[in-house]
Amino acid sequence: MPKQIVPSDIDPTAIGEVSAPPYVRLPDPTRLFFRRAQRLNALAEIDELGPYLRFLAALADVQHGIQDGLSDPDLPETEVRERAHAFGMPPLDRDRFASGAFFETLDRLVLAASAIEKPRAAANALDRLKLAAPAERDAMVRNVLADAIAADALAEHVYVAAALQLHFARLAACLDASTLVPVGDGACPVCGGPPVSSMIVGWHGSHGARFCACSLCGTLWNYVRIKCTLCGSTKGIGYVEVEGGPGTVKAETCDSCGCYVKILHQHKDPNLDPVADDVATLGLDLLVRESGYRRGSFNPFLVGY
1 MPKQIVPSDI DPTAIGEVSA PPYVRLPDPT RLFFRRAQRL NALAEIDELG PYLRFLAALA
61 DVQHGIQDGL SDPDLPETEV RERAHAFGMP PLDRDRFASG AFFETLDRLV LAASAIEKPR
121 AAANALDRLK LAAPAERDAM VRNVLADAIA ADALAEHVYV AAALQLHFAR LAACLDASTL
181 VPVGDGACPV CGGPPVSSMI VGWHGSHGAR FCACSLCGTL WNYVRIKCTL CGSTKGIGYV
241 EVEGGPGTVK AETCDSCGCY VKILHQHKDP NLDPVADDVA TLGLDLLVRE SGYRRGSFNP
301 FLVGY
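Going by UniProt numbering, the sequence shown opens with residue 1, and the numbers climb by one from there.
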């Protein structure tokens, strides 16, 4: 893979073909993880990270398969959500997350994950998670929600993160998109989480618009292009890609905050997935890091880069 930086001062694609795309697209958990598993399996056939991508594909299959029979998630009370709306806060507050009901999802995921093929390190981590005390599990939940997973503890947290993704996607799917408001640059309007990446979409009625993708709940929210998705700056925005590649995944760099977030051109390839393709383009992370930019997005499956 050639390590050549190809920067530009403007986004090389059209700015957009619609004036007012919807602000939010809420996740559909019944399709989200199924499609992600398909994408990860496809990427595993062509990427040097194949074994890890196949493991994540199997885990996404688990996320999809365990949904039947799960208890309906409990949204915060209407009064709490209305207060959050009034103060420009996300309706799903990570800091106030009550993990009790979530453990049904985690237990079911751990049981199902026991049957999938996995690297030895992932198998050992699953065994440790099974034996973890409730307080240890709760600490792992808090680590994921705080986007503070230590690289040396990634293996155990992968399963907890996968369960939280499913739990929060199911919660987000119950919300009314029309009630959601911006809560700040770099923050999901549903749960306050950072973007894992952003996408230029090809959807009917939104073709050419840019949406950020939440790393936790899977919500997509509309965001102006050629603007840092982290700090909101419009100055010193550049784009980096691997020379000779298809040009569908690039890094949007910001000189103001010194960070970058990947931008996926889904309008060119509708199979792109904000989580799967972020992991599969690790080489781009290594390339951009050589220029001094820091990774500003969060992906629980790509901690340490």
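Built from N, CA and C at the ideal position, the CB exists for glycine as well. Note that the structure is predicted; figures quoted are calculated from it, not measured.
Using the Cα positions of GLY184 and TYR260, report the straight-line distance between them to the nearest angstrom.
Answer to the nearest angstrom: the Cα atoms are 17 Å apart.
Count the other CB atoms, across all protein chains shown, that sit within 10 Å of the CB of HIS204; report buried if there are 16 or more and exposed otherwise.
exposed
Following the continuous beta strand (DSSP E) through ARG210, name the residue where it begins and the one where it ends.
210-214
Taking its Cβ as the centre, do 16 or more other Cβ atoms sit within 10 Å of HIS222, making it buried, or is it exposed?
First, the residue type needs correcting, since residue 222 is Asn and not His in the sequence shown. So ASN222 ends up on the buried side.
Mapping DSSP to helix, strand and coil, what is residue 307?
Residue 307 lies beyond the range of the chain shown here (1 to 305); nothing can be said about it.
Return the CA-CA distance between VAL62 and SER114, expressed in angstroms with no decimal places.
For VAL62 and SER114, the gap between their C-alpha atoms comes out near 10 Å.
SER71 burial status per 10 Å Cβ neighbour count (16 or more: buried)
SER71 is exposed by the Cβ-count criterion.
The beta strand (DSSP E) spanning LYS268 covers which residue range?
It is not in any beta strand (DSSP E) - LYS268 carries neither H nor E in the DSSP assignment.
With which residues is CYS259 paired in a DSSP beta bridge?
ARG294
At the level of alpha carbons, what is the spacing between PHE168 and VAL144?
12 Å
May I ask which residues mark the beginning and end of the beta strand (DSSP E) holding TYR239?
237-240
Where does PRO119 land, buried or exposed, given buried means 16+ other C-beta within 10 angstroms?
exposed
Taking only runs of the beta strand (DSSP E) that begin and end inside the segment 152-207, which ones reach a length of at least 3 residues, in chain order?
If we require 3 residues or more, the beta strand (DSSP E) runs fully inside the segment 152-207 come out as 195-200.
With a cut-off of 8 Å, do at least 3 Cβ pairs link the segment 239-253 to the segment 265-273?
yes
DSSP three-state call for ARG54: helix, strand or coil?
helix
For ASN143: DSSP bridge partner residues
By DSSP's assignment, ASN143 forms no beta bridge with any residue.
Skipping 5 residues on each side, what residues in its chain have a beta carbon closer than 7 Å to that of THR13?
With a pLDDT of 39 at THR13, under the threshold of 50, the modelled position of this residue cannot be trusted; read the value that follows with caution. These residues qualify, in order along the chain: ILE200, HIS265.
Where PRO194 and CYS212 are concerned, what is the direct C-alpha to C-alpha distance, given to the nearest angstrom?
Each residue's alpha carbon lies about 9 Å from the other.
Given ARG25 as reference, the closest of PHE298, ALA172, VAL275 once Cα atoms are compared:
ALA172
Which residue comes first and which comes last in the alpha helix (DSSP H) that contains ASN124?
Unbroken alpha helix (DSSP H) run through ASN124: 120-131.
Do ALA280 and LEU32 have their CB atoms nearer than 8 Å?
Against a cut-off of 8 Å, the Cβ pair of LEU32 and ALA280 comes out as no contact.
Can you give me the Cβ contacts of GLU104 inside the same chain, cut-off strictly under 8 Å, excluding the 5 residues immediately before and after it?
LEU70, SER71
Can MET140 and VAL158 be called in contact, C-beta distance under 8 Å?
MET140 places its beta carbon 8 Å or farther from that of VAL158.
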